[in-house]
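Using the numbering used here, the first residue of the sequence shown is number 69, and each one after it goes up by one. Glycine included, C-beta positions come from ideal geometry on N, C-alpha and C. Note that the structure is a prediction, hence the values are computed from the model and not measured. Heads up: the structure comes next, in structure tokens.
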Amino acid sequence: MRIGGIIDVSTVDIPNKSSMVIFTVGCNLNCEFCHNKHLLQFSAGKDVSITNLIEQIKSNVLINSISITGGEPTLQEDLLQLCQELYHIGKYVSVDTNGTFPNIFKKLIPHIQRVALDLKGPLNQDRISLITNSEVNTGLIQKSFELINKAKNIDFEIRTTYVQNLMIPNDIHEIIDFLRKNNFHGNFVLQQYQFSEGVGKELKDKFQKPEHATLLTILERYQTIDLPFKIYLRDDKVGYCLINSLWRS
């Protein structure tokens, strides 16, 4: 497996769990606001065998789960093998994805416990292609959603990063409406874009961090709507917070 880095212990990548985070390299999208651009090229990082990864994981007594992120992990040919072996040693496994490879999830689902689908924008061809700076087949993302959403063993999180100057509030409303109409039962997380050095200094002024008040305005209508899923806000003011508590006095 082509690995761009490993965090030995994290308490923020999987809610309520202590995890090792494995960063794979390579991605099929070209989002300009990506904070992990150093991982996008397949030439980055180094090859690590599944055997060595499993040995490293077994020796880490501080973690009970594994977060596989990237880049786009489903581009790795031996991802299934890694997840199968982690399943056999009893580790809780979470895979981050952009959802463009549903056929991979057909094989992965029996061997993992969580999926975090990074939905870059609404499943509107023009909008998501603009946001990702890529040609995106939205049908593939919808197929991944359907496969994961119907899997009884999967903790399913969908998250969207709101980038000021690139996205508009209606993008979020379209996403939530799609989730409602398709009986989503996981958690939806609206994330605040924050500049990091990985984005690139040349793009520092192109994309802006939305204010907390802006995100609240987008989400306000959902505090009284009965939905089959929970909505969270993640930003630098509240951390990771269920929106129902944001308007309590």
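Residue i, enclosing alpha helix (DSSP H) - first and last residue
{"i": "GLU214", "result": "206-217"}
{"i": "TYR155", "result": "147-156"}
{"i": "LEU283", "result": "280-287"}
{"i": "ASN104", "result": "Where ASN104 is concerned, there is no enclosing alpha helix (DSSP H), given that its DSSP letter is neither H nor E."}
{"i": "PHE246", "result": "237-249"}
{"i": "LEU176", "result": "170-176"}
{"i": "LEU198", "result": "193-200"}
Through-space distance from residue j to residue i, alpha-carbon basis
{"i": "PRO170", "j": "ILE209", "result": "7 Å"}
{"i": "ILE118", "j": "GLU288", "result": "45 Å"}
{"i": "ILE74", "j": "ALA281", "result": "35 Å"}
{"i": "GLY207", "j": "LEU310", "result": "30 Å"}
{"i": "GLU203", "j": "VAL129", "result": "42 Å"}
{"i": "LEU234", "j": "SER127", "result": "43 Å"}
{"i": "LEU185", "j": "LYS174", "result": "15 Å"}
{"i": "TYR300", "j": "VAL257", "result": "5 Å"}
{"i": "ASN250", "j": "TYR230", "result": "22 Å"}
{"i": "ASP76", "j": "HIS241", "result": "37 Å"}
{"i": "GLU140", "j": "PHE246", "result": "23 Å"}
{"i": "THR228", "j": "TYR308", "result": "13 Å"}
{"i": "SER317", "j": "ILE226", "result": "With a pLDDT of 46 at SER317, under the threshold of 50, the modelled position of that residue is not reliable, and no figure is offered here."}
{"i": "ASP146", "j": "MET69", "result": "6 Å"}
{"i": "GLY94", "j": "ILE122", "result": "21 Å"}
{"i": "VAL183", "j": "PRO83", "result": "12 Å"}
{"i": "ILE90", "j": "GLY72", "result": "8 Å"}
{"i": "THR50", "j": "THR285", "result": "Because residue 50 is not part of the residues shown, which for the chain are 69 to 317, the question remains open."}
{"i": "PHE275", "j": "GLY113", "result": "27 Å"}
{"i": "VAL116", "j": "ASN238", "result": "42 Å"}
{"i": "VAL80", "j": "GLN260", "result": "15 Å"}
{"i": "GLN144", "j": "LYS272", "result": "31 Å"}
{"i": "HIS106", "j": "ARG248", "result": "35 Å"}
{"i": "ASN120", "j": "ASN96", "result": "27 Å"}
{"i": "ILE244", "j": "ASN255", "result": "11 Å"}
{"i": "SER78", "j": "ARG302", "result": "17 Å"}
{"i": "GLN149", "j": "TRP315", "result": "45 Å"}
{"i": "ASP194", "j": "LEU215", "result": "24 Å"}
{"i": "GLU270", "j": "ILE236", "result": "23 Å"}
{"i": "ASP294", "j": "LEU198", "result": "31 Å"}
Residues bridged to residue i [DSSP beta-bridge criterion]
{"i": "ASN255", "result": "GLU225, LYS298"}
{"i": "MET88", "result": "ILE134"}
{"i": "ASP115", "result": "ARG70"}
{"i": "SER78", "result": "SER87"}
{"i": "GLN260", "result": "TYR230"}
{"i": "LEU310", "result": "TYR300"}
Span of the beta strand (DSSP E), counted from its first residue to its last, around residue i
{"i": "TYR160", "result": "160-165"}
{"i": "ALA184", "result": "182-186"}
{"i": "LEU271", "result": "Here LEU271 belongs to no beta strand (DSSP E), and DSSP marks it neither H nor E."}
{"i": "LEU97", "result": "Looking at the DSSP string, LEU97 is not in any beta strand (DSSP E), and its letter there is neither H nor E."}
Chain B within 9 Å of residue i, Cβ atoms only
{"i": "ARG302", "result": "Among the chains of the structure shown, chain B does not appear; only one protein chain is present."}
Neighbourhood of residue i by C-beta, 7 Å cutoff - its chain only, sequence neighbours within 5 removed
{"i": "ASN312", "result": "GLN291"}
{"i": "ASN192", "result": "GLU242"}
{"i": "ILE196", "result": "LYS188, GLY189, PRO190, VAL204, THR206"}
{"i": "LEU283", "result": "TYR230, LEU258, GLN260, LEU301, ASP303"}
Rounded Cβ spacing between residue i and residue j (contact assumed at less than 8 Å)
{"i": "GLN232", "j": "LYS277", "result": "6 Å"}
{"i": "TYR155", "j": "HIS179", "result": "4 Å"}
{"i": "ILE136", "j": "ASP164", "result": "7 Å"}
{"i": "HIS138", "j": "THR92", "result": "According to the sequence as given, residue 138 is Gly; it is not His. At roughly 4 Å, the Cβ-Cβ gap stays under 8 Å, so GLY138 and THR92 are in contact."}
{"i": "SER86", "j": "ASN132", "result": "6 Å"}
{"i": "PHE101", "j": "VAL267", "result": "6 Å"}
{"i": "GLN181", "j": "ASN221", "result": "7 Å"}
{"i": "MET88", "j": "ILE134", "result": "5 Å"}
Distance cut-off 8 Å: residue i Cβ against heavy atoms of the ligand GTP
{"i": "LEU234", "result": "In the structure shown, the ligand GTP is absent, as is every other ligand, since no ligand is present at all."}
Cβ-based neighbour list, residue i, same chain, cut-off 8 Å, excluding 5 preceding and 5 following
{"i": "SER212", "result": "THR165, GLY167, THR168, PHE169, PRO170, PHE173, LEU185"}
{"i": "HIS253", "result": "ASN217, PHE224, PRO296, PHE297"}
{"i": "GLN152", "result": "HIS179"}
{"i": "ASN98", "result": "LEU108, THR200, ASN201, SER202"}
Contacts around residue i, its chain only, beta-carbon distance under 6 Å, and the 5 residues preceding and following it disregarded
{"i": "ILE177", "result": "ALA219"}
{"i": "SER264", "result": "HIS103"}
{"i": "LYS305", "result": "HIS280"}
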